[in-house]
Amino acid sequence: MTAYDDDYDDDRIGRARVSDNPELAAYYEELAKVDAGALWTVANEIEPWYPQPRSVPVLWRYADLRPLVRKALPLVKADDAGRRVVMLVNPGRRELSAAVGLLYTGLQIMGPGEAMTAHRHQASALRFVHEGTGAWTVVDGQKLKVGPRDFAITPNSTWHEHGNESGDAPVIWQDGLDIPLVNMLDANFYEVHPELYQRPGPVANSSLLSYGGNLLPYGMEKWTRPYSPLLGWPWEPSYHALTQLARAGEGSPYDGVVMEYTNPVTGGSVMPTMGAHLQLLRPGQATRAHRHTGSVVYTAAKGRGVSVVAGHRFEWQQGDIFVVPSWAWHEHANLDPGEDACLFSFNDFPVMHSLGLYREEPYPDHDGHQPTITTP
Numbered sequence: 006m007t008a009y010d011d012d013y014d015d016d017r018i019g020r021a022r023v024s025d026n027p028e029l030a031a032y033y034e035e036l037a038k039v040d041a042g043a044l045w046t047v048a049n050e051i052e053p054w055y056p057q058p059r060s061v062p063v064l065w066r067y068a069d070l071r072p073l074v075r076k077a078l079p080l081v082k083a084d085d086a087g088r089r090v091v092m093l094v095n096p097g098r099r100e101l102s103a104a105v106g107l108l109y110t111g112l113q114i115m116g117p118g119e120a121m122t123a124h125r126h127q128a129s130a131l132r133f134v135h136e137g138t139g140a141w142t143v144v145d146g147q148k149l150k151v152g153p154r155d156f157a158i159t160p161n162s163t164w165h166e167h168g169n170e171s172g173d174a175p176v177i178w179q180d181g182l183d184i185p186l187v188n189m190l191d192a193n194f195y196e197v198h199p200e201l202y203q204r205p206g207p208v209a210n211s212s213l214l215s216y217g218g219n220l221l222p223y224g225m226e227k228w229t230r231p232y233s234p235l236l237g238w239p240w241e242p243s244y245h246a247l248t249q250l251a252r253a254g255e256g257s258p259y260d261g262v263v264m265e266y267t268n269p270v271t272g273g274s275v276m277p278t279m280g281a282h283l284q285l286l287r288p289g290q291a292t293r294a295h296r297h298t299g300s301v302v303y304t305a306a307k308g309r310g311v312s313v314v315a316g317h318r319f320e321w322q323q324g325d326i327f328v329v330p331s332w333a334w335h336e337h338a339n340l341d342p343g344e345d346a347c348l349f350s351f352n353d354f355p356v357m358h359s360l361g362l363y364r365e366e367p368y369p370d371h372d373g374h375q376p377t378i379t380t381p
């Protein structure tokens, strides 16, 4: 297998290579009349040699998005929008409103003192805060307060609502959902809370108080739901954990020092369909390229750097968002010689692993680095 996968030939035995002729054309018309078809006419398309994602590598700069997101604040009322979000749409996945593969992302803004009504849906969701200090969410009655670079989840079918307690500044956070996946499976539902708003419990951040100390609470009812009982991961302890891991070892040659946000009960992903990671690139570090099945949405959480995705060079700084389609070669580098850089990301790896579809391989040429074919 070469780095460019250009040695696969469909005109070989074992592949569909039937030549058209008038008799076959007439036969195909007969099949179409009974809503049928000949597999060999589409076999090479639906069974490719390797993944052929429709998504393309894209980078969205926060400096470009931020004024447009803020512009929506006076234009659209919260009660009319339900959620005031500017979604990021991949040019190859517009029909699904997806950012990459079957993953959705967007930037949501909430004005000072604003509260969104409660709802629930079959899709799972997560949040990564970009700016603002008053953000909160209520998930099945548990109120969670989050600040810049904090990560939080609202698992599927949980009642949830959001708001901003700040009296003078908006909050902008990034939503991530598996809506395209759930819709492709024809499994989505949506409900508005019968009372429009939940009645939160008396203690804020209760999931963090119960499960956030790297120890499991003893004597409580056993947690059996398929998602994490811990709903939020603050930035400071998450970043500290990364720096401690960096002291202990070199990390991955492809991702630097990388850690996964996990369900503290099972040690698995935070939700059944989406996982999330936080990674650190040491000053001046450049990783080697690799590729894997599964799509990833990256957000620059700290510092500045560059990532090469399928040959496309994307320079990023804090707040920028970029995507890696499934089976696309990718590598990262920290452009700052004196400070570390961090990337937050979420993915569909749990689906790939559950279905036995995950595969990964290193880039074999040029000491593990891709040639750059374009600079956006």
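Using my numbering, read the sequence shown as starting at 6 and increasing by one per residue.
Ideal Cβ placement from N, Cα and C applies to all residues, glycine included.
Taking the DSSP output, what are the residues bridged to residue i?
i, result
"Phe-133", "Phe-156 and Gln-179"
"Gln-322", "Arg-309"
"Val-393", "The first residue shown for the chain is 6 and the last is 381, placing residue 393 beyond what the model contains."
"Gly-168", "Ala-120 and Trp-141"
"Ile-114", "Ile-177"
"Gln-147", "Val-144"
"Arg-296", "Glu-366"
Can you tell me where the beta strand (DSSP E) with residue i in it begins and where it stops?
i, result
"Phe-351", "346 to 352"
"Pro-367", "365 to 367"
"Tyr-195", "195 to 197"
Quick one: using the 10 Å Cβ neighbour count with 16 as the cut-off for buried, is residue i buried or exposed?
i, result
"Leu-108", "buried"
"Phe-156", "buried"
"Leu-285", "buried"
"Ile-326", "buried"
"Lys-148", "buried"
"Val-23", "exposed"
"Ile-51", "exposed"
"Tyr-119", "With the sequence shown as reference, residue 119 is identified as Glu, and Tyr is not the correct amino acid for it. It is buried - the Cβ of Glu-119 has at least 16 other Cβ atoms within 10 Å."
"Asn-26", "exposed"
"Asn-169", "buried"
"Asn-268", "buried"
"Ser-257", "exposed"
I'd like the span of the alpha helix (DSSP H) that includes residue i, first residue to last.
i, result
"Pro-242", "240 to 253"
"Asn-49", "48 to 51"
"Arg-187", "Inspection of the sequence shows that residue 187 is occupied by Val rather than by Arg. It spans 184 to 189 - the alpha helix (DSSP H) in which Val-187 sits, taken as one unbroken run."
"Leu-340", "Run containing Leu-340: none; DSSP gives neither H nor E here."
Do you know offhand how far residue i's Cα is from residue j's?
i, j, result
"Asn-188", "Glu-196", "15 Å"
"Leu-236", "Arg-293", "33 Å"
"Tyr-232", "Ser-274", "8 Å"
"Leu-93", "Leu-70", "10 Å"
"Pro-175", "Ala-140", "9 Å"
"Tyr-9", "Asp-145", "No answer about Tyr-9 holds up, because its pLDDT of 48 lies below 50 and its placement is not dependable."
"Ser-60", "Pro-53", "16 Å"
"Ile-177", "Tyr-202", "21 Å"
"Ser-211", "Ala-130", "19 Å"
"Val-81", "Leu-250", "44 Å"
"Leu-73", "Gln-113", "11 Å"
Would you say residue i faces chain D, with C-beta separation under 8 Å as the test?
i, result
"Asn-161", "Checking the listed chains, one finds no chain D in this structure; it contains a single protein chain."
When the Cβ atoms of the region 327 to 337 are set against those of the region 294 to 310, are three or more pairs found closer than 8 Å? They touch, by the three-pair rule.
Any chance the region 53 to 73 sits against the region 310 to 321, with 3 or more Cβ pairs inside 8 Å? Output reads yes: the region 310 to 321 touches the region 53 to 73.
Does the count of Cβ pairs from the region 234 to 252 and the region 151 to 169 closer than 8 Å reach three? Because the criterion of three Cβ pairs below 8 Å is met, the region 234 to 252 and the region 151 to 169 touch.
Are at least three pairs of beta-carbons, each pair with one atom in the region 117 to 135 and one in the region 198 to 218, less than 8 Å apart? Judged by Cβ distances under 8 Å, the region 117 to 135 makes contact with the region 198 to 218, as three or more pairs qualify.
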